[in-house]
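**Student:**
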Amino acid sequence: MKIKRKIIIGFVVCMLLGLVACNKKEEASMVKVKVNGQEITVGEYDKRLAQMMEMYEAQYGSGIWTQEVEKDKTYKQYLEDMVLDTMILEIVIIEEANKAGLEVTDEELKEEFAKYKEYFTSEDEYNKFLKESGMTEDFLKESLKKELLIDQFLSIKSEAINSLDPSDAELRALYADKKIMFDQIEASHILVDSEKSAKEIKEKIDKGEDFAQLAKEFSSCPSSEDGGNLGYFTYGDMMTEFSEVAFKLKIGEISDPVKSSYGYHVIKVTDIKDSYEDIEQEELKYQFKTLKYNEMLDNYIENAKIEK
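Remember, this note's numbering sits 5 above the position in the sequence shown when you count from 1.
1) Rounded C-beta distance between Asp188 and Asp279? I'm assuming under 8 Å.
2) Exposed or buried, Pro262, counting other C-beta atoms within 10 Å across all chains shown (16 or more means buried)?
3) Thr110 by DSSP, collapsed to three states: which one?
4) Taking 7 Å as the cut-off, decide whether the C-beta atoms of Val109 and Leu153 are in contact.
5) Can you grab the Cα-Cα spacing for the pair Ser163 / Asn299, in whole Å?
6) Around the Cβ of Ile93, are there at least 16 other Cβ atoms within 10 angstroms (buried) or fewer (exposed)?
7) Report the residue from Lys151, Ile45, Leu84 whose alpha carbon sits nearest the alpha carbon of Ala102.
8) Once DSSP output is grouped into helix, strand and coil, what is the label at Ile256?
9) Helix, strand or coil for Ile284? Go by DSSP, reduced to three states.
10) Going by alpha carbons, who is nearest to Ser229 out of Glu62, Asp211, Phe216, Leu107?
11) State the DSSP-derived secondary structure class of Gly233, mapped to helix, strand or coil.
12) Quick check on Ser199: does DSSP put it in helix, strand or coil?
13) Strictly by DSSP, which residues pair up with Asp276?
14) Let me know the beta strand (DSSP E) ranges lying completely inside the segment 62 to 104, each 3 residues or longer, listed in chain order.
15) Please confirm whether Lys52 and Ile45 have their CB atoms less than 7 Å apart.
16) Please name the residue in Glu147, Lys255, Met58 whose C-alpha comes closest to that of Gln82.
17) From which residue to which residue does the alpha helix (DSSP H) around Glu214 run?
18) In this structure, what does DSSP give as the bridge partners for Leu265?
19) May I ask which residues mark the beginning and end of the alpha helix (DSSP H) holding Glu128?
20) So what's Glu123 in DSSP terms, helix, strand or just coil?
21) Going by the beta-carbon positions, is the gap between Val112 and Leu149 smaller than 7 Å?
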């Protein structure tokens with residue numbers, strides 16, 4: 006399940022750079038949103054978004070931005086929303102942590118600062134980073150302190166949520182409400198680079214040729230070594246265009262060519278798990294707790310005074 010709103014903890018360099026205001030253009034200093042009176046500028050937002058896009062592209066490639074993360078919403082739109090929500094949550098959660106009386110000790114900050122400096126190979130490289138980013142060491146330490154405070158607050162909240170023990174009735178209600186999120190299929194596919202090739206392969210299958218053997222011979226996916234077998238997956242595990250077709254197939258049924266950013270797929274479904282009894286209890290409990298965590302973060306956003 007995709008967590009749409011969450012604090013991005015762990016990407017220390019990205020977070021800290023995102024807190025440095027970009028004052029080179031007048032537009033950058035314009036206010037994008039006010040959160041309980043605190044301003045997030047256009048420059049701060051644009052810089053954070055650019056850094057997150059760079060991280061996503063490094064992992065998934067530049068073609069990710071036109072893919073749909075859900076119906077009528079691309080990864081680019083998803084990330085734009087997530088980055089703004091994250092920046093809003095950082096402000097709100099720091100306020101909540103202060104209300105709860107949480108503090109970061111000097112020793113904790115000293116330890117975190119030492120860990121951060123390990124990112125740099127030398128003192129000269131560290132000083133160069135401060136100069137190029139327009140950041141003072143005091144600002145850096147204050148940013149690290151905020152991150153530690155956020156982490157501390159969320160850790161306490163996470164422990165409380167992890168201690169929940171949902172009943173069978175609660176899990177059944179969750180499954181009924183989010184069925185598409187839990188149902189799984191087992192499928193194989195053959196991936197080629199043109200619609201013409203995909204149609205020719207489909208014709209071979211229709212005439213009785215073996216799907217697994219054709220996958221080994223023609224598919225460019227690493228799964229070709231196993232006859233195209235992708236194992237079990239949920240709707241959200243695959244690209245929207247792939248899942249929309251695959252989850253409509255019956256066991257043994259084979260699709261016409263399906264286009265995605267990777268090429269053209271011919272899909273065969275080999276098993277379906279679409280009942281409450283098919284789903285592992287631990288998976289349902291995990292998703293129950295994840296939804297509770299997301300609801301908590303959503304509530305913080307909804308209860309904040311946000312002026313866009």
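Every residue, glycine too, gets a C-beta built ideally from N, C-alpha and C.
**Tutor:** The relevant details are as follows:
1) 4 Å
2) buried
3) coil
4) yes
5) 11 Å
6) buried
7) Lys151
8) coil
9) coil
10) Phe216
11) coil
12) coil
13) Glu191
14) 73 to 75
15) no
16) Met58
17) Where Glu214 is concerned, there is no enclosing alpha helix (DSSP H), given that its DSSP letter is neither H nor E.
18) Note that residue 265 is Ser in the sequence shown, not Leu. Paired residue(s): Gly268.
19) 128 to 138
20) coil
21) Checking the sequence, you will find Glu at residue 112 rather than Val. Not closer than 7 Å, so no.
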